[in-house]
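Asks: Its first residue numbered 1, the sequence shown is counted upward by one per residue in UniProt numbering. C-beta atoms are modelled at their ideal positions from N, C-alpha and C, and glycine is treated no differently. Since we're looking at a predicted model, the values are computed, not measured.
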Amino acid sequence: MKRSTPTQTTPNMPPARQPAAPQQAAPAKPAPQPAAAPKRSWMGPLAGLAAGLGIAALASHFGFGEGLANLMTMLLLGFVAVIAIRFLLRRFAAPKARLAGANGMNFEAAQPQAQLVQPAFQPQSAVGGSSALLAGFDAAGFETLAKQVFIRLQAANDAGDQADLRRFTTPQMYASIQHELLERGGAIQRTEVLQLDAGVIDMATENGEQLVSVRFRGLVREDSQQAATDFDEVWHLAKADDGWLIAGIQQTA
């Protein structure tokens, strides 16, 4: 809304008195000159540290020249800066979540073996597909790493690679797999994975241990002369100090 400004009227005023003669004004003091702004220096904080340490004074006390004292100060400041940077990098480096043994490895071709069973435990809710995932849990990322571990572990089982089998399993699960390898007599198996799907279906805590159940389904061919067969199994992974280990494998089909 536009507002109009009212006209101001001047009231009748009595005649103004003649002002008295002003006293002689004192001479004005000159305005102080503004202080020169200090120049910023990229060495400011570190130079302050050096001043606090008194390196230059200490060097002069022992008879070193000004140039050598400054050089010593610069070397010390550089050393302190390197230590500070390395400390900050270590402090704020975000740890990456990974499965045990899966990070930084080149996984071999998929070679699953469906007979790898005898789970250490069988939660009843896992097969039924109940979802009890914790808030903030990265299920998609966990499933991707779980498939990589599935491929790596099954390839190790085909080749009888006990070192890899031990790396990815709990001691109880490894003992079960080792028993199967002894029954196989050291024979090398060759299986082919045609399809592999993985999905996190359950999370639980038993006796203070965090567990995650992942369901794997797909097609495998164990003999090149035979047709591919379906497989459907649940792998139970337990949280260890250095990652996740396979604690049991449960057949569902």
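CA-CA distance, L71 and K239?
Replies: Distance between the alpha carbons of L71 and K239: 53 angstroms.
Asks: Below 8 angstroms, how does it come out for the region 186-197 and the region 145-162: are there three or more Cβ pairs, yes or no?
Replies: Flag = yes, the region 186-197 and the region 145-162 touch.
Asks: Mind checking S224: buried by the 16 CB within 10 Å criterion, or exposed?
Replies: Per the 10 Å Cβ criterion, exposed.
Asks: Taking just the CA atoms, how far does S176 sit from G136?
Replies: Rounded to whole angstroms, G136 to S176 spans 34 angstroms at the Cα level.
Asks: Would you say V234 and R215 are within 8 angstroms of each other, going by their C-beta atoms?
Replies: Contact flag set, yes.
Asks: What is the rounded straight-line gap between the Cα of A163 and the Cα of A81?
Replies: Each residue's alpha carbon lies about 44 angstroms from the other.
Asks: Relative to the C-alpha of I249, which residue among T170, I85 and L75 is closest?
Replies: Among T170, I85 and L75, the Cα nearest to that of I249 is on T170.
Asks: Whose CA, out of G243, W244, F231 and L237, lies closest to the CA of Q251?
Replies: Of the listed residues, the one whose Cα sits closest to Q251 is F231.
Asks: With distances taken from CA atoms, which of L196, A247 and L182 is nearest Q210?
Replies: Q210 has its Cα closest to that of A247, out of L196, A247 and L182.
Asks: Need the endpoints of the alpha helix (DSSP H) that I151 sits in, please.
Replies: A139 to A159 is the extent of the alpha helix (DSSP H) around I151.
Asks: Is it buried or exposed for T205, if we count other Cβ within 10 angstroms and need 16 for buried?
Replies: Exposed, by the Cβ-count rule.
Asks: Using 8 angstroms for Cβ pairs, my map puts D197 next to R217. What's the rounded Cβ distance?
Replies: Contact flag correct, Cβ pair sits at about 5 angstroms.
Asks: Which class does A35 belong to by DSSP, given the choice of helix, strand or coil?
Replies: Unreliable placement is indicated for A35, whose pLDDT of 48 sits below 50; the coordinate value is still reported in the next sentence. Coil at A35, not helix or strand.
Asks: Please name the residue in G208, A227 and M203 whose C-alpha comes closest to that of L237.
Replies: Of G208, A227 and M203, the residue nearest in Cα terms is M203.
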